[in-house]
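Protein chains in written order, with my numbering: chain A, 181 to 321; chain B, 455 to 590. Ideal Cβ placement from N, Cα and C applies to all residues, glycine included. Inspection log for the structure reproduced underneath, given as structure tokens.
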């Protein structure tokens, strides 16, 4: 049941990304290009998503259990450290270079474009590098 | 200057509402945050009970292009895409999230961490495009 719900959520998420324009790297770069011919559309994506999300997460916060069972697992960290900021900056540079963030890249992978395949493989390699580095760090603290 | 020719406030807003609805489904039904980088990254340190929903969510994303009319052009070359993908994978791992986890879910939760992360990746993305388009 929870896998089916996750599939449906992924599908709706993906359709939302397509409809919003997030799967078009040119549009994403047009949004980030505030000094050029600026396309503010993606601010509307954030606004639409957050307008719904605020209510969903406010309800989620008041529940210990999800509706399909299992614990409600919301992030608890509130500290702002260098890893968070440096990681976000590195992500932002990659996002600005190609116009892809993880969700739209996966949707584009599903459409079978070879360039999306390259991006996603590199992205998975980056995640794998991180996992490997964390394991090494864990053994030799 | 605003690029009125490409400005799509209504479809972008509607797409955003769908993204918010999907995040709402995942958190209310399954108790999980719809952060794409976290969902995928979690597959590299798998726990048995944890794999199925992650794979199912990613499958949903991969199937979504069925609803896509034509594919947008990807301007970046293969070298740029390799470098960008690597940076996105590393950055979202160290920064614990991407546009969905921090930008949509985190801001919806009013998380100060996510607000800082979102400001940082937006600023870095804008700076990168500025350098690439106007200085390079």
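Going by DSSP in three states, residue i sits in which element: helix, strand or coil?
i             : result
residue 244/A : coil
residue 251/A : strand
residue 528/B : coil
residue 456/B : strand
For a cutoff of 8 Å on Cβ pairs, would you count residue i as touching chain B?
i             : result
residue 317/A : no
residue 263/A : yes
residue 242/A : no
residue 321/A : With a pLDDT of only 43 at residue 321/A, under the threshold of 50, the placement of this residue in the model should not be trusted; the figure read from the coordinates follows. No, its Cβ sits nowhere closer than 8 Å to a Cβ of chain B.
Compare the Cα-Cα distances from residue i to each of the options and report the closest residue.
i             : options                    : result
residue 246/A : 455/B, 495/B, 479/B, 540/B : 479/B
residue 553/B : 509/B, 464/B, 474/B        : 474/B
residue 581/B : 299/A, 215/A, 193/A        : 215/A
residue 310/A : 459/B, 524/B, 546/B        : 546/B
residue 590/B : 261/A, 277/A, 265/A        : 277/A
residue 252/A : 241/A, 264/A, 259/A        : 241/A
For chain A, check one thing: does any of its Cβ atoms lie closer than 8 Å to the Cβ of residue i?
i             : result
residue 519/B : yes
residue 504/B : no
residue 571/B : yes
residue 590/B : no
residue 486/B : yes
residue 567/B : yes
residue 501/B : no
Suppose contacts are defined by Cβ-Cβ distances below 8 Å. Is residue i in contact with residue j by that definition?
i             : j             : result
residue 255/A : residue 487/B : yes
residue 183/A : residue 506/B : yes
residue 208/A : residue 222/A : yes
residue 530/B : residue 279/A : yes
residue 282/A : residue 494/B : yes
residue 514/B : residue 190/A : yes
What is the C-beta distance between residue i and residue j, in whole angstroms, given that I count them as a contact (C-beta under 8 Å)?
i             : j             : result
residue 181/A : residue 235/A : Going by Cβ atoms, the distance from residue 181/A to residue 235/A rounds to 23 Å, so no, they are not a contact pair.
Indicate, with yes or no, if the ligand FAD has a heavy atom lying under 7 Å from the CB of residue i.
i             : result
residue 577/B : This structure lacks the ligand FAD; in fact it carries no ligand of any kind.
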